[in-house]
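Here's the structure we're looking at; comments come further down.
Residue numbers (full-length UniProt numbering): 1 to 62.
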């Protein structure tokens, strides 16, 4: 199995990896900024879910 075959499920699931070859520097900067903002959202969602899980675990330990 080649690396391209391994990346196909990611492309279908997340639209990644994106072809960057035809993008200008300005578009790349904008794309990077959008990705960084999305990472902040992902981190916040993970933190929230970890808090919910910790609360549930504490509830069921007692």
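Glycine is no exception: its CB is placed at the ideal position from the N, C-alpha and C atoms.
What's the C-alpha gap between residue i and residue j?
i, j, result
"residue 36", "residue 58", "33 Å"
"residue 26", "residue 34", "12 Å"
"residue 12", "residue 56", "33 Å"
"residue 22", "residue 60", "53 Å"
"residue 31", "residue 20", "10 Å"
"residue 9", "residue 18", "13 Å"
Compare the C-alpha of residue i against each of the options and name the closest.
i, options, result
"residue 14", "48, 54, 28 and 42", "42"
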